[in-house]
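Novice: Dropping a structure here in structure tokens format, bear with me for questions.
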Amino acid sequence: MLLEIKNLTKTYRAPDGVHGVDVLRDLHWQVAPGETVAILGPSGSGKSTLLNILGALDGVDRGEVWVGGQDLAQLDEKGLALYRNETVGFIFQLHHLLPQCTILENVLVPTLAKPGADRGVLKNRARELLAAVGLEHRLHHLPGQLSGGERQRVAVARALIHRPRLVLADEPTGSLDRDSAGRLVDLLLEINATQGVTLVVVTHALDVAQRMRRMFEIEHGQLVERVACE
1 MLLEIKNLTK TYRAPDGVHG VDVLRDLHWQ VAPGETVAIL GPSGSGKSTL LNILGALDGV
61 DRGEVWVGGQ DLAQLDEKGL ALYRNETVGF IFQLHHLLPQ CTILENVLVP TLAKPGADRG
121 VLKNRARELL AAVGLEHRLH HLPGQLSGGE RQRVAVARAL IHRPRLVLAD EPTGSLDRDS
181 AGRLVDLLLE INATQGVTLV VVTHALDVAQ RMRRMFEIEH GQLVERVACE
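At position 7 of the sequence shown (counting the first as 1) the number is 7 in the numbering used here, and the numbers step up by one without a gap.
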């Protein structure tokens, strides 16, 4: 398995510091390499919390999270930074592109954490990715000169710059119109098919979720698998 969760519990404390709410409760979950998975659930159910845990942006109160044979709890700060930068790629609802940087420069931002890397190789990789998402003619444009769908495609290219094994997408189509959302999902599935990247997508959109190989819903802190006809 690429991803394995064992007995995971995540609790958010109340303001009084005593009471709390278990957002995720004794959760067990496995995802194989190359799978495409959707996670559904109402706001506040823990979808984004789970994605943040998988991306090592948030910790757990109890349990284990294994990704690619690594127990995230055993990684020190340097190891966690390396994991976030190389093992996983993030795509968010808001693209978080730097407005003052060109599209090519934005895709290269994650590589700045590796000052000794070959800049020429990385720049070629960024150009190839932008060509793959249909933006080879936009390399030197600023984000403000692109449509919302184009900016999300730049975010996809940025997430792939270090050839991650796992891509985590948090409501990636949430700010897009229906046509742009469909094209973005097409792109993500094409990347999964051609590069073998494991894809975990958090979404409110049932039509997006149904295009993934497996579909889960968070209910009472647990992941319940659904079938497309439900």
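The beta carbon of each residue, even a glycine, is placed where N, CA and C say it ideally should be.
Please read these numbers as outputs of a predicted model, since none were measured by experiment.
1. Relative to the alpha-carbon of Arg138, which residue among Val121, Ala157, Gly120 has its alpha-carbon at the smallest distance?
2. Going by alpha carbons, who is nearest to Asn7 out of Gly221, Val227, Arg226, Glu225?
3. Can you tell me the Cβ-Cβ gap for Leu104 and Ile161, rounded? I've got them flagged as a contact below 8 Å.
4. Could you give the distance in angstroms between the alpha-carbon of Gly243 and the alpha-carbon of Arg165?
5. Per DSSP, what kind of secondary structure is Met212 in: helix, strand or coil?
6. Give me, in chain order, the residues of the same chain whose beta-carbon lies closer than 6 Å to that of His140; leave out the 5 immediate sequence neighbours on both sides.
7. Which residues mark the beginning and the end of the alpha helix (DSSP H) in which Ile53 is found?
8. Per the DSSP calculation, Thr111 is bridged to which residue(s)?
9. Spell out the partners DSSP gives Thr198 in its beta bridges.
10. Taking the Cβ atom as the reference point for each residue, do Leu176 and Gly149 lie within a distance shorter than 8 Å?
11. Compute the beta-carbon to beta-carbon distance between Asn267 and Asp58, rounded to the nearest angstrom, for a pair I have assumed lies under 8 Å.
12. Enumerate in chain order the residues of its own chain whose CB-to-CB distance from Ile5 is below 8 Å, with the five nearest sequence positions on each side excluded.
13. In the DSSP assignment, what are the bridge partners of Glu225?
14. On a CA-only basis, which of Leu199, Val185, Ala159 is nearest Phe90? Give me that one, please.
15. For the alpha helix (DSSP H) that contains Ala126, what are its first and last residues?
16. Please look up how many angstroms separate the CB atoms of Gly68 and Leu2, rounded, as I've assumed it's under 8 Å.
17. Take Ala169 and list the residues in its own chain whose beta-carbon comes closer than 6 Å to its own, dropping the five residues that flank it on each side.
18. For Asp22, does the three-state DSSP call read helix, strand or coil?
19. Looking only at its own chain, which residues have a Cβ that is under 8 Å from the Cβ of Gly46, when we skip the five neighbours before and after it?
20. Cβ atoms of Gln152 and Leu184: under 8 Å apart, would you say?
21. Pull up the DSSP beta-bridge partners for Leu8, would you.
22. Just the Cα atoms here: how many angstroms apart are Leu112 and Glu136?
Specialist: In short:
1. Nearest of Val121, Ala157, Gly120 to Arg138, Cα basis: Ala157.
2. Asn7 has its Cα closest to that of Gly221, out of Gly221, Val227, Arg226, Glu225.
3. In fact, because the Cβ distance is near 11 Å, the residues do not count as touching under 8 Å.
4. The chain is shown only over 1 to 230; residue 243 falls outside these bounds and no answer can be derived.
5. In the structure shown, Met212 sits in coil (DSSP, three-state: anything other than H, G, I, E or B).
6. Closer than 6 Å at the Cβ level, and outside the excluded window around His140, lie Thr102.
7. Run containing Ile53: 47 to 54, per the alpha helix (DSSP H) assignment.
8. Bridge partners of Thr111: none, in fact.
9. Beta bridge pairing from DSSP links Thr198 with Leu166.
10. At the C-beta level, Leu176 and Gly149 come within 8 Å of one another.
11. Nothing about residue 267 can be reported from this structure: the residues present for the chain run from 1 to 230 only.
12. Excluding residues within five positions, the ones whose Cβ falls inside 8 Å are Leu27, His28, Trp29, Gln30, Gly63, Glu64, Val65, Trp66.
13. According to DSSP, which records beta bridges pairwise, Glu225 is partnered with Phe216.
14. Out of Leu199, Val185, Ala159, Ala159 has the C-alpha closest to the C-alpha of Phe90.
15. Its alpha helix (DSSP H) spans residues 119 to 132.
16. Gly68 to Leu2, Cβ: 6 Å. Contact.
17. Excluding positions up to five away in sequence, the list reads Ile91, Val201.
18. The three-state secondary structure of Asp22, taken from DSSP, is strand.
19. Taken in chain order, the residues that qualify are Lys10, Val23, Leu24, Ile218, Gly221.
20. Yes. Within cutoff.
21. Paired residues: Leu27.
22. Those two C-alpha atoms are separated by around 22 Å.
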